[in-house]
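Peer 1: Chains as they are written, first to last, in this note's numbering: chain A, 1 to 155; chain B, 156 to 310.
Number of protein chains: 2
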Amino acid sequence: MITAAVKHTGHRHPRPRSAAIVDDIIAQLSQQGYRDTEPRRLVINAAAAQRRPFTAEELCAALPCVGRATVYRGLRLLVETEQVCRVLLEDRELRYQLSHQGHHHHLLCAACGASADLANCDVDALLQEAAATAGFQMSGHWLEIYGRCADCAVV
Amino acid sequence: MITAAVKHTGHRHPRPRSAAIVDDIIAQLSQQGYRDTEPRRLVINAAAAQRRPFTAEELCAALPCVGRATVYRGLRLLVETEQVCRVLLEDRELRYQLSHQGHHHHLLCAACGASADLANCDVDALLQEAAATAGFQMSGHWLEIYGRCADCAVV
DNA sequence: TATCCAACTGATACGGAGTATCATAATGAT
DNA sequence: ATCATTATGATACTCCGTATCAGTTGGATA
Ligand SMILES: [Zn+2]
Ligand SMILES: [Zn+2]
Ligand SMILES: [Zn+2]
Ligand SMILES: [Zn+2]
């Protein structure tokens with residue numbers, strides 16, 4: 001049986017490191033009028049525990065006590081509030097990962113599944129310009145980068 | 156209306172303008188060992204008749220006499236042989252369009268659904284470089300650009 | 001032209017991913 | 001403690017795409 005993460009609010013026992021993340025996200029959601037519920041915390045906690053971009057179904061499997069619809073709703077909310085990013089693999093499988101805020105793109109390793117952020121990249125400006133040259137007003141874009149991370153690189 | 160260059164192959168009755176396209180694609184497929192079949196021609200013809208990126212289901216609806224599985228298989232083959240591109244909309248809906256060969260990206264208009272190609276863009280080199288800086292070996296990428304085409308631009 | 005096999009087709013059924021519904025439960029403001 | 005609002009979860013559903021498989025067709029060969 002799983003010993004559930006007990007909610008410690010201000011006493012001596014240290015909580016799992018992800019607890020701070022969960023609290024932070026819950027706080028952000030509260031600010032926007034969303035409630036602090038047990039299933040929602042479980043979803044956030046499970047998402048934070050993943051080491052790789054994960055699928056909604058993986059989260060469902062990791063949370064047998066949370067309804068499937070609730071997991072999907074939770075993820076959708078987290079994406080809407082930009083706490084979680086969507087990641088699209090080459091085979092169009094949709095995965096998620098905790099967001100590091102701000103606009104960025106993902107370097108996705110085909111070998112180990114790792115995801116790294118590519119920020120501070122002027123791709124966006126370049127695209128904007130290239131689009132404008134074609135008389136196109138760019139309002140957004142979707143960019144995923146596939147390959148191999150440093151650890152999995154082929155010599 | 157656009158008067159297309161009709162390919163006259165030695166007889167008097169002009170065929171629909173798309174016939175040349177169909178013949179060309181069928182020829183390419185034949186070269187690779189794929190057969191020239193009636194349903195396959197119908198799929199290619201219907202694809203060529205679309206003015207906007209289209210969904211597989213739209214093609215099925217346009218081809219009631221062709222089995223659904225055949226339409227899907229036909230599209231898959233056309234994508235594999237690079238006669239057709241996949242286009243991913245912002246809501247992750249998958250659409251297709253005849254390919255203009257070579258690597259390129261799409262400028263997708265949210266207002267009218269039009270798609271224009273963005274070629275001759277050095278985004279790829281920039282990405283490659285940015286990825287390399289992060290120790291990442293880029294092998295591919297997915298990029299779609301959303302916004303408004305010249306006709307639908309907001310002043 | 002007849003033969004023959006691999007490729008193709010289409011009806012059907014299946015599976016995965018995500019959402020609509022709706023009765024019930026929990027939250028948090030008062 | 002009350003109560004309106006929001007959230008939950010079981011279920012059923014839709015949508016997209018694919019596996020299956022018996023029957024058909026294309027086209028190479030003779
Ligand atoms: Zn981006
Ligand atoms: Zn890796
Ligand atoms: Zn591309
Ligand atoms: Zn437009």
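For glycine and all other residues, C-beta sits at the position ideal for the given N, C-alpha and C.
Is C149/A closer than 9 Å to L107/A when the C-beta atoms are compared?
Peer 2: For the purposes of this step, residue 107/A is taken as residue 107 along the first sequence, with counting starting at 1. For the purposes of this step, residue 149/A is taken as residue 149 along the first sequence, with counting starting at 1. The answer is yes: Cβ separation under 9 Å.
Peer 1: In terms of residue numbering, what span does the beta strand (DSSP E) encompassing E144/A cover?
Peer 2: In the first sequence, residue 144/A corresponds to position 144, counting from 1. Its beta strand (DSSP E) spans residues 137 to 148.
Peer 1: Mind pulling the chain A residues with CB within less than 7 Å of E299/B?
Peer 2: Residue numbering aside, residue 299/B sits at position 144 when the second sequence is read from its first letter. Going along chain A in sequence order, the residues near E299/B (Cβ under 7 Å) are H141, W142.
Peer 1: Taking 8 Å as the cut-off, is the beta-carbon of G113/A closer than that to any non-hydrogen atom of ligand 2?
Peer 2: Position 113 of the first sequence, counted from the first residue, corresponds to residue 113/A. Yes, since a heavy atom of ligand 2 falls inside the 8 Å radius drawn around the Cβ of G113/A.
Peer 1: List, in order along the chain, the chain B residues whose C-beta lies closer than 7 Å to that of F54/A?
Peer 2: For the purposes of this step, residue 54/A is taken as residue 54 along the first sequence, with counting starting at 1. By Cβ distance, chain B contributes nothing, its closest Cβ being about 17 Å from F54/A, past 7 Å.
Peer 1: Taking V309/B as the query, report the chain A residues whose CB atoms sit under 8 Å from its CB, ordered along the chain.
Peer 2: Within the second sequence, numbered from 1, the residue matching residue 309/B stands at position 154. Under the 8 Å cutoff, chain A gives Q137.
Peer 1: Starting from V123/A, find everything on chain B with Cβ-Cβ shorter than 8 Å and list it in chain order.
Peer 2: Position 123 of the first sequence, counted from the first residue, corresponds to residue 123/A. Per Cβ cutoff of 8 Å: V278, L281, L282, A285.
Peer 1: Cβ atoms of G113/A and S294/B: under 9 Å apart, would you say?
Peer 2: Here residue 294/B is taken as the residue at index 139 of the second sequence, counted from 1. Here residue 113/A is taken as the residue at index 113 of the first sequence, counted from 1. The answer is no: Cβ separation not under 9 Å.
Peer 1: Just checking my contact of F136/A with A271/B at CB under 8 Å: how many whole Å lie between their CB atoms?
Peer 2: Here residue 136/A refers to the residue found at position 136 of the first sequence. Here residue 271/B refers to the residue found at position 116 of the second sequence. Between A271/B and F136/A the Cβ distance is about 7 Å, and since that is below 8 Å, they are a contact.
Peer 1: Check whether the Cβ of A160/B lies closer than 9 Å to any Cβ atom in chain A.
Peer 2: Looking up residue 160/B in the second sequence gives position 5. A caution first: A160/B carries a pLDDT of 36, below 50, which makes its placement in the model unreliable, though a value can still be read off. Output row for A160/B: interface = no.
Peer 1: Any chance the CB of D117/A is under 8 Å from a heavy atom of ligand 2?
Peer 2: Against the first sequence, residue 117/A aligns to sequence position 117. Every heavy atom of ligand 2 is 8 Å or more from the Cβ of D117/A, so no.
Peer 1: Looking at the structure shown, is C152/A part of a helix, part of a strand, or coil, going by DSSP?
Peer 2: Your numbering for residue 152/A matches position 152 in the first sequence. C152/A falls in the helix class under three-state DSSP.
Peer 1: Nearest chain B C-beta to E82/A closer than 9 Å, yes or no?
Peer 2: As a working mapping, residue 82/A is identified with position 82 in the first sequence. Not one chain B Cβ lies under 9 Å of E82/A.
Peer 1: I'd like the span of the beta strand (DSSP E) that includes C240/B, first residue to last.
Peer 2: In the second sequence, the residue the question calls residue 240/B occupies position 85. Segment 239 to 243, the beta strand (DSSP E) holding C240/B.
Peer 1: Could you check if R250/B belongs to the surroundings of ligand 4, using beta carbon to heavy atom distance under 8 Å?
Peer 2: Translated into the one-based positions of the second sequence, residue 250/B becomes position 95. The answer is no for R250/B.
Peer 1: Within 9 Å (strictly less), CB to CB, does R231/B reach chain A?
Peer 2: Here residue 231/B is taken as the residue at index 76 of the second sequence, counted from 1. Output row for R231/B: interface = no.
Peer 1: Using the Cα positions of Y72/A and V43/A, report the straight-line distance between them to the nearest angstrom.
Peer 2: In the first sequence, the residue the question calls residue 72/A occupies position 72. In the first sequence, the residue the question calls residue 43/A occupies position 43. Roughly 9 Å separates the two Cα atoms.
Peer 1: If the criterion is Cβ atoms closer than 9 Å, does the pair H100/A and E144/A meet it?
Peer 2: If you number the first sequence from 1, residue 100/A lands on position 100. If you number the first sequence from 1, residue 144/A lands on position 144. No; because the gap between Cβ atoms is not below 9 Å, this pair is not in contact.
Peer 1: How would you list, in chain order, the residues of chain A whose beta-carbon sits under 8 Å from the beta-carbon of G311/B?
Peer 2: What is shown of chain B runs 156 to 310, which leaves residue 311/B out entirely.
Peer 1: Buried or exposed: C157/A, going by 16 or more other Cβ atoms within 10 Å of its Cβ?
Peer 2: Summary: the structure shown does not reach residue 157/A, with chain A confined to residues 1 through 155, and so no result is reported for it.
Peer 1: Could you list which residues in chain B have their beta carbon closer than 8 Å to that of E90/A, in chain order?
Peer 2: Along the first sequence, read from residue 1 onward, the residue named residue 90/A stands at position 90. Chain B residues near E90/A: G295, W297.
Peer 1: Would you say the region 25 to 41 of chain A touches the region 72 to 86 of chain A, given that touching needs at least three Cβ pairs under 8 Å?
Peer 2: Taking 8 Å as the limit for Cβ pairs, the verdict is that the region 72 to 86 of chain A does touch the region 25 to 41 of chain A.
Peer 1: From what residue to what residue does the beta strand (DSSP E) around Y96/A run?
Peer 2: Numbered from 1 along the first sequence, position 96 holds the residue referred to as residue 96/A. Element bounds for Y96/A: 94 to 98.
Peer 1: Specify the secondary structure class of S173/B as computed by DSSP and reduced to three states.
Peer 2: Position 18 of the second sequence, counting from 1, holds the residue named residue 173/B. In this structure, S173/B counts as helix in the three-state DSSP scheme.
Peer 1: Counting only C-beta atoms, is G85/A closer than 9 Å to chain B at any point?
Peer 2: The count along the first sequence starts at 1 and reaches residue 85/A at position 85. The sequence shown places Cys at residue 85/A, rather than the Gly named in the question. No - not a single Cβ of chain B is within 9 Å of the one on C85/A.
Peer 1: Applying the criterion that 16 or more other CB atoms from any shown protein chain within 10 Å of the CB defines a buried residue, is G74/A buried or exposed?
Peer 2: Stepping through the first sequence from its first residue, residue 74/A is reached at position 74. It counts as buried.
Peer 1: Nearer than 8 Å: is that true of the beta carbon of C149/A relative to any heavy atom of ligand 2?
Peer 2: Taking the first sequence and counting its residues from 1, one reaches residue 149/A at position 149. Yes; taking the cut-off as 8 Å, the Cβ of C149/A has a heavy atom of ligand 2 nearer than that.
Peer 1: Across which residues does DSSP place L107/A in a beta bridge pair?
Peer 2: Residue numbering aside, residue 107/A sits at position 107 when the first sequence is read from its first letter. According to DSSP, which records beta bridges pairwise, L107/A is partnered with A116/A, I145/A.
Peer 1: A211/B to H141/A, Cα distance in whole Å?
Peer 2: As a first step, residue 211/B is located in the second sequence; it is residue number 56 there, counting from the start. As a first step, residue 141/A is located in the first sequence; it is residue number 141 there, counting from the start. If you take the alpha carbons of A211/B and H141/A, they lie about 23 Å apart.
Peer 1: Any beta carbon from chain B within less than 9 Å of C109/A's own beta carbon?
Peer 2: Along the first sequence, read from residue 1 onward, the residue named residue 109/A stands at position 109. So yes, C109/A belongs to the interface.
Peer 1: Since V79/A and N45/A are thought to touch, with beta carbons under 8 Å apart, how far apart are those beta carbons, to the nearest angstrom?
Peer 2: In the first sequence, residue 79/A corresponds to position 79, counting from 1. In the first sequence, residue 45/A corresponds to position 45, counting from 1. Actually they are not in contact, since the Cβ atoms of V79/A and N45/A sit about 17 Å apart, beyond 8 Å.
Peer 1: Span of the alpha helix (DSSP H) holding T236/B?
Peer 2: Within the second sequence, the letter at position 81 stands for residue 236/B. Premise fails: T236/B is in no alpha helix (DSSP H) and is neither H nor E.
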